[in-house]
Amino acid sequence: MPNDNSNLRRGRVPVREAVAAAEPSAGICVKGWVRTLRRGKGVAFAALNDGSCFASLQVVLDAGLPGFEELCRAGTGACLSVTGDLVESPASGQSWELQAKEVKVLGEGGGDYPLQKKRHGFEYLRSIAHLRPRSNTFGAVFRVRSALAYAVHRFFRERGFLHVHTPIVTANDCEGAGEMFRVTTLDPVRPPMVEGGVDWTRDFFGERTGLTVSGQLQGELFATAFSDIYTFGPTFRAENSNTSRHVAEFWMIEPEIAFADLADDCRLAEEFLRYLVSYALEECGDDLAFFNDRIEKGLLDKLERLAGATFETMTYTEAVTALQKSGQSFEYPVEWGADLQSEHERYLTEKVIGGPVFVTDYPAAIKAFYMRLNDDGKTVAATDLLVPRVGEIIGGSQREERLDVLQARMKGCGIAPESLDWYLDIRRWGSCPHAGFGLGFERFLMYVTGMENIRDVIPFPRTPGHARF
Ligand code: 4AD
Ligand code: MG
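Now the structure itself:
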């Protein structure tokens with residue numbers, strides 16, 4: 020909805036409104052950054068972009084304008100404030116152009132501006148992360164990201180879910196994978212020692228703490244009070260994997276629902292993804308058209324199919340059988356009990372199913388302690404949602420609600436039940452079946468935009484060796 024609050028507009032018309040105007044208008048002011056500057060005879064054309072939409076507005080600068088030469092020298096990357104008349108454009112590919120009457124250079128660009136006309140590789144753009152939002156591709160990526168973050172909240176709000184802010188600093192490693200970043204105020208050179216090592220009781224929080232790897236455990240506490248809840252926050256993993264699908268800081272959406280089993284969990288995930296994709300198709304048309312054209316051919320068809328799809332489901336055991344029967348040679352061997360590698364996941368979703376697939380009921384030994392043990396005593400009520408190109412985008416499960424079974428599982432995993440007393444308490448009083456999942460927001464954005472590297476869908480990627488800006 021256009022915002023008519025003139026205070027917020029700060030005397031300007033966003034490019035988004037100018038390029039979609041219904042009629043000509045005289046004396047409007049537009050501000051933005053010069054994407055390209057072309058000189059003709061007695062005239063120059065500047066493509067002005069303010070990030071409010073994919074398109075730039077063509078500004079026509081007459082050579083008679085005061086300061087015309089300085090304007091042209093200000094060049095690509097300059098920030099301009101232009102007042103003029105919005106008139107129908109004789110050029111093809113655009114409806115309107117702005118005939119400049121008065122131009123102010125707010126900030127110079129110039130010959131050494133790193134984003135010149137030629138197309139840059141994404142890797143180079145990552146090295147200038149402070150400027151890459153001004154490029155076509157990253158403008159589109161971050162507009163889609165922002166729209167989808169809003170859609171996440173809207174989806175849950177419309178369904179009566181409570182939004183809970185779970186902590187960033189915590190003493191517990193939810194996934195038990197030992198990938199926590201340490202948070203401490205102890206002197207790194209001479210920490211207080213006790214027999215056997217550092218005396219963490221003298222640290223700020225009186226125990227070892229780190230950055231959260233997941234808000235799930237705290238989310239479960241709220242689900243067993245508010246029934247339907249979700250978190251949407253940053254999560255941190257110190258896994259040293261330099262892949263195109265891992266970052267050390269990423270955003271996760273974690274709903275948790277009471278009175279629910281694994282099938283309910285999968286239904287929620289499916290409805291959620293269909294909603295988000297439909298939202299993107301409705302609200303981000305120009306940006307998605309660009310991705311469809313330049314990044315992943317057939318993207319729009321893929322998204323439209325997903326918006327109406329029911330996802331396939333197969334058990335882990337069926338998945339292993341399908342992989343073994345495939346005759347495909349994999350780098351990592353496939354055998355029951357081993358975790359599925361990304362090559363296996365992609366084969367399943369791309370070749371066996373040809374679309375998204377929930378893989379369920381994994382061996383207990385390769386999954387986290389909180390997942391509900393199935394009656395076979397060997398597998399747990401877990402699910403991963405796999406999608407073509409990206410692999411796993413969701414990990415979820417029904418939770419173990421039986422206190423004794425959970426305590427036994429924790430011991431088996433080497434976790435002292437006392438250390439998570441507060442978590443076990445919700446099984447002591449008013450325990451109930453409940454389930455939830457985590458959607459990796461960046462993995463999902465890779466799927467929606469077609470971008471192949473996770474670093475290209477997060478504003479400031481944190482990976483081993485990179486946290487400068
Ligand atoms: O499968 P994961 O580890 O599950 C959990 O953390 C559960 N506590 C979620 C829950 O049930 N509430 O992570 C969930 C998702 C993955 O499927 C993946 O999309 C994403 O988080 N993810 C990562 N994304 C980017 N970089 C990483 N290093 C990621 N690790 C996990
Ligand atoms: Mg997982």
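If you want the numbering used here, it's the 1-based position in the sequence shown plus 19. For every residue, glycine included, the Cβ atom is placed at its ideal position computed from N, Cα and C.
Between residue 205 and residue 192, the C-beta spacing is not below 8 Å. Within the segment 208-257, the complete alpha helix (DSSP H) runs of at least 4 residues fall at 235-245. DSSP, reduced to helix, strand and coil, places residue 152 within a helical segment of the structure shown.
About 6 Å separates the Cβ atoms of residue 460 and residue 272, confirming a contact at the 8 Å cut-off. Fully contained in the segment 331-414 are the following beta strand (DSSP E) runs of length 3 or more, in chain order: 331-334, 376-379, 401-406.
Between residue 124 and residue 93, the beta carbon gap of about 5 Å places them in contact (Cβ cut-off 8 Å). The beta carbon of residue 305 sits closer than 6 Å to those of 73, all from its chain and outside the five residues before and after it, given in chain order.
At the C-beta level, residue 434 and residue 195 come within 8 Å of one another. Taking the Cβ of residue 411 as the reference point, at least one heavy atom of the ligand MG falls within a distance shorter than 7 Å.
Every unbroken stretch of the alpha helix (DSSP H) spanning 4 or more residues and falling wholly within the segment 123-200 is given here in chain order: 141-146, 155-177.
Nearest C-alpha to residue 118 among 445, 356, 77, 216: 77. Rounded to whole angstroms, the gap between the alpha carbons of residue 54 and residue 48 is 18 Å.
Sixteen is the threshold: when 16 or more other Cβ atoms of the shown chains lie within 10 Å of the Cβ of residue 353, as they do, the residue is buried.
Look at residue 113 here: in three-state DSSP terms it is coil, with no helix or strand label.
If the five residues before and after residue 30 are omitted, its C-beta is found closer than 7 Å to the C-beta atoms of 48, all from its own chain and listed in chain order. For residue 463, the three-state secondary structure derived from DSSP is helix. A Cβ-Cβ contact shorter than 8 Å links residue 202 with residue 229. Around the CB of residue 321, 16 or more other CB atoms lie within 10 Å, so the residue is classed as buried. Annotation: the segment 43-104 contains the following complete segments of the alpha helix (DSSP H) (minimum length 4 residues), in chain order: 87-93. Residue side-chain check: residue 193 places its Cβ nearer than 7 Å to a non-hydrogen atom of the ligand 4AD. A residue is called buried when at least 16 other Cβ atoms come within 10 angstroms of its Cβ; residue 261 does not meet this threshold and is exposed. In the structure shown, residue 445 adopts helical secondary structure according to DSSP, grouped into three states. Within the same chain, and ignoring the five residues on either side of residue 365 in sequence, the residues whose Cβ sits closer than 6 Å to its Cβ are 410. Within its own chain, the residues whose Cβ lies closer than 6 Å to the Cβ of residue 100, once the five positions on either side in sequence are excluded, are 50, 123, 125, listed in chain order. Between residue 238 and residue 254, the C-beta spacing is not below 8 Å. Setting aside the 5 residues that flank it on each side, residue 157 is surrounded in the same chain by 151, each with a C-beta closer than 6 Å to its C-beta; the list follows chain order.
Not one heavy atom of the ligand MG sits closer than 7 Å to the Cβ of residue 305. Here the alpha carbons of residue 103 and residue 369 stand approximately 52 Å from one another. Below 8 Å, enough C-beta pairs join the segment 401-417 and the segment 383-392 to call them touching: three or more.
Each residue's CA atom was taken as its position, placing residue 186 and residue 391 some 24 Å apart.
Annotation for residue 234 indicates a beta carbon at 7 Å or more from all heavy atoms of the ligand MG. For residue 108, no pairing in a beta bridge is given by DSSP. Residue burial annotation: residue 212 is exposed, with fewer than 16 other C-beta atoms found within 10 angstroms of its C-beta.
Residue 39 and residue 71 have their C-alpha atoms roughly 12 Å apart. The C-beta distance from residue 464 to residue 476 rounds to 4 Å, short enough to meet the 8 Å contact threshold. The ligand MG has a heavy atom closer than 7 Å to the beta-carbon of residue 414.
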